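S.K.: If you're matching them up, the sequences are chains V and H in order.
For the first sequence, this note's numbering begins at 1236 and goes up steadily by one.
For the second sequence, this note's numbering begins at 1236 and goes up steadily by one.
Starting off with a structure, shown below.
Protein chains: 2
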Amino acid sequence: MDARLKLGHDAEGVDRASLEPRANPVSSHNHDIEEGTALTPRFDANGLVTAVVTDAASGELLMVAHMNAEALAKTIESGEAWYFSRSRGKLWKKGETSGHVQRVVELRVDCDQDALWLRVEQQGAGACHTGRRSCFYRAVPLGKNGAALQFREEGKAFDPEAVYRKK
Amino acid sequence: MDARLKLGHDAEGVDRASLEPRANPVSSHNHDIEEGTALTPRFDANGLVTAVVTDAASGELLMVAHMNAEALAKTIESGEAWYFSRSRGKLWKKGETSGHVQRVVELRVDCDQDALWLRVEQQGAGACHTGRRSCFYRAVPLGKNGAALQFREEGKAFDPEAVYRKK
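Laid out in structure tokens, this is it:
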């Protein structure tokens, strides 16, 4: 099973060795993947790549999600963010329930093509299901393990109960 | 095996249901994890959480890496970034070979505590083993699947052959 989907127009064959886990950039050496112009995402054993989503204007990290090949293809085609929900096991358009769609300003891929960066215009009040703008609303104090988390975004930007109507 | 390590000082017991995959924020509902002040990271089956690393000054996404419990503890204690290399299967201090240490300005955790955000001061010329400042140096054109990647950071900031001396 080849976890690396050939999406690019000039991708060369990828040997099986390149499909082994290779998270550490120091030890990944595949010139075509790193220096080429073909998008050849390295999907994991579950067929997913990590998607990091930042606010295009502020640079703030909004959320981290995952994409399968179909979510990635739909995102590229539509310019709006689609993901794959691991818990629900299905394709998911961000904002399909909440209306909080993400318009993709720029999509980037990393050196070893196992992570994507979406710079987005976040529609609506926020990206996080808890009602906050960002999922990263708590800071971990440095210097001492076990210290209490500090809220950085205490107030909610929207009411999740109202936005994600309970079924 | 409990994948959620208790690092916080006031963590409550985590039931096994919360250890099931739950990537989609909409469907994860654990009030203690989302609204509490205890750091209780949700490590995956390999004992890892995703670490997103941005430049504290520019907001640029530098890299995506992984941490195990020990890497996270060392990062918190030292204020410098430690990761776990999936390919080498070992703890790894960023910059231990290159000198390109990352001083952590702020560490944040996301709603369901399976991802971390490090805002860092990147020492040295860059974070990417290819010699670039960021690992995300190529853009994926939107609108049409299969279009060629576009380089956004063509030039190298450092010579990886010199920095990562071949053994």
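Ideal Cβ positions, reconstructed from N, Cα and C, are used throughout, including at glycine.
Model, not experiment: these values are computed from the prediction.
1) Looking only at its own chain, which residues have a Cβ that is under 7 angstroms from the Cβ of A1392 (chain H), when we skip the five neighbours before and after it?
2) Since N1380 (chain H) meets chain V, which of its residues come closer than 7 angstroms, beta carbon to beta carbon?
3) Out of H:S1313, H:Q1385, H:F1319, which one is the CA nearest neighbour of V1344 (chain V)?
4) With 8 angstroms set as the bound, which would you pick, yes or no: does the beta-carbon of A1396 (chain H) sit closer than that to a beta-carbon of chain V?
5) Closer than 8 angstroms by beta-carbon distance: list the chain V residues that pair up with G1334 (chain H), in chain order.
6) I need the straight-line Cα distance from G1282 (chain H) to Y1318 (chain H), nearest angstrom please.
7) Is there contact here, the region 1288-1301 of chain V with the region 1352-1359 of chain V, by at least three beta-carbon pairs under 8 angstroms?
8) Closest to L1377 (chain V) by C-alpha separation, out of H:L1342, H:A1273, H:M1302, would be which residue?
9) Excluding the 5 residues preceding and the 5 following R1321 (chain V) in the sequence, name in chain order all residues of the same chain whose CB lies nearer than 7 angstroms to its CB.
10) Does H1266 (chain H) pass the burial test, meaning 16 or more other C-beta atoms within 10 Å, or should it be called exposed?
11) Is V1340 (chain V) helix, strand or coil by DSSP?
12) Within the same chain, show all residues whose beta-carbon is closer than 6 angstroms to that of H1335 (chain V), passing over the 5 residues directly before and after it, in chain order.
13) Quick one: complete beta strand (DSSP E) runs, 3+ long, within the region 1306-1357 of chain V?
14) Pick helix, strand or coil for D1394 (chain V), following the three-state DSSP scheme.
15) Straight-line CA distance for G1314 (chain V) to L1307 (chain V)?
16) Whole angstroms are fine: how far does the CA of Q1348 (chain V) sit from the CA of D1394 (chain H)?
17) By how many angstroms is the C-alpha of Y1372 (chain H) removed from the C-alpha of V1284 (chain V)?
18) Going by the DSSP bridge assignment, what does L1296 (chain H) pair with across the sheet?
19) Looking at V1398 (chain V): is its Cβ nearer than 8 angstroms to the Cβ of A1350 (chain H)?
20) Can you tell me whether DSSP reads A1374 (chain V) as helix, strand or coil?
21) Taking the alpha helix (DSSP H) that E1269 (chain V) falls in, what are its first and last residues?
22) Can you give the Cα-Cα distance for T1332 (chain V) and A1316 (chain V), rounded to whole angstroms?
M.R.: Result, derived from the coordinates:
1) In its chain, beyond the 5 residues on either side, A1360, G1361, G1366, R1367, R1368 have a beta carbon closer than 7 angstroms to the beta carbon of A1392 (chain H).
2) Neighbours of N1380 (chain H) in chain V, taken as residues whose beta carbon is under 7 angstroms from its own, are L1242, A1308, I1311, E1312 in chain order.
3) Measuring from the Cα of V1344 (chain V), the nearest candidate turns out to be H:Q1385.
4) Note on residue identity: the sequence assigns Glu, not Ala, to residue 1396 (chain H). Cβ-Cβ to chain V under 8 angstroms: no for E1396 (chain H).
5) Under the 8 angstroms cutoff, chain V gives no residues; its nearest Cβ is about 13 angstroms from G1334 (chain H).
6) Counting only the Cα atoms, Y1318 (chain H) lies some 12 angstroms from G1282 (chain H).
7) By the Cβ criterion, the region 1288-1301 of chain V is in contact with the region 1352-1359 of chain V, since at least three pairs of Cβ atoms, one from each stretch, lie closer than 8 angstroms.
8) Closest by alpha carbon: H:L1342.
9) Cβ neighbours of R1321 (chain V) beyond the five flanking positions: H1301.
10) Burial call: exposed.
11) DSSP places V1340 (chain V) in strand when its eight states are reduced to three.
12) Here the set comprises Q1358, G1359.
13) Counting only runs of 3+ residues, the beta strand (DSSP E) found wholly inside the region 1306-1357 of chain V occupies 1317-1320, 1325-1328, 1337-1344, 1350-1357, in chain order.
14) Note: D1394 (chain V) maps to coil in three-state DSSP.
15) Distance between the alpha carbons of G1314 (chain V) and L1307 (chain V): 10 angstroms.
16) Rounded to whole angstroms, the separation of the alpha carbons of Q1348 (chain V) and D1394 (chain H) is 21 angstroms.
17) Across the structure, V1284 (chain V) and Y1372 (chain H) are spaced so that their CA atoms are roughly 17 angstroms apart.
18) Note: L1296 (chain H) sits in a beta bridge opposite H:T1289.
19) For the 8 angstroms CB-CB criterion, V1398 (chain V) and A1350 (chain H) do not form a contact.
20) A1374 (chain V): strand per DSSP, three-state reduction.
21) Residues 1266-1270.
22) The alpha-carbon atoms of T1332 (chain V) and A1316 (chain V) are separated by roughly 13 angstroms.
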